[in-house]
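Let me begin by presenting the structure, written as structure tokens, before commenting on it.
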Amino acid sequence: MKRDPQVTSKIMSAVRHTGTRPEMALRRELHKRGLRFRVSTNLFGKPDIVFGPARVACFVDGDRWHGNGWRTRGYKSFEEEFRHANSDFWMKKISRNMRRDAQVTQALTSEGWKVIRVWASDVERDVVSAADRVELAVRGRREDIGR
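Once you know that position 47 of the sequence shown is 47 in my numbering, the rest is easy, because the numbers rise by one and skip nothing.
Shown next as structure tokens:
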């Protein structure tokens with residue numbers, strides 16, 4: 001049975017863009033380790049977590065919206081995940097998101113930022129390991145710049 005487009009629209013508008021459970025879990029773990037950061041910055045690409053002095057920008061990417069959903073949902077490929085209704089629309093949308101992510105990473109890197117991208121599913125599976133990756137980058141950058 002096909003869902004009413006208005007119902008789909010309402011569901012999609014309820015999807016959080018910031019302050020997601022994985023993002024909050026990672027922030028709590030990083031804070032617990034004594035790392036201090038900003039969450040609302042005007043930095044290009046709107047990173048989820050920003051360590052300004054160390055110039056580290058962290059993105060907690062939702063698997064479905066950023067192109068990893070097929071792996072976490074047990075599909076063989078990106079294309080297989082979207083073989084159902086409106087597949088052309090969703091494949092184009094997710095592909096655009098993936099291209100934008102790459103452009104943001106490249107732009108920030110060229111401005112001297114270290115960009116860390118963490119899959120939401122990795123945070124949910126093991127927040128400690130995800131925080132280890134971020135902490136290693138932050139502490140490494142601080143040593144490089146003498147802070």
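Quick reminder that beta carbons are idealized off the backbone N, C-alpha and C, glycines included.
Quick caveat, the model's predicted, so the values are computed rather than measured.
### Task
Please list, in chain order, all residues of the same chain as residue 130 whose beta carbon is under 7 Å from its beta carbon, the five residues on each side excluded.
26, 118, 122 and 123
### Query
Taking just the CA atoms, how far does residue 104 sit from residue 47?
9 Å
### Message
Using 8 Å for Cβ pairs, my map puts residue 38 next to residue 52. What's the rounded Cβ distance?
### Response
6 Å
### Message
Considering Cα atoms alone, identify which of 95, 125, 126 and 107 is closest to residue 57.
### Response
107
### Query
Just how far apart, CA to CA, sit residue 67 and residue 34?
32 Å
### Rounded separation between residue 93 and residue 32 - CA only
36 Å
### Reduced DSSP secondary structure (H/G/I, E/B, other) of residue 37
coil
#### Entry: 8 Å Cβ shell around residue 141 - same chain, five flanking residues per side excluded
51, 54, 55, 56 and 114
### Message
Restricting to Cα atoms, I'd like to know which of 62, 127 and 29 is closest to residue 120.
### Response
62
### Query
Could you give the residue range of the alpha helix (DSSP H) that holds residue 21?
21-32
### Query
Should residue 148 go down as buried or exposed, given a rule of 16 or more other Cβ atoms within 10 Å for buried?
Absent from the structure is residue 148, since the part of the chain shown begins at 1 and ends at 147.
### Query
Any idea what DSSP makes of residue 61, helix, strand or coil?
strand
### Task
Can you give me the Cβ contacts of residue 128 inside the same chain, cut-off strictly under 7 Å, excluding the 5 residues immediately before and after it?
29
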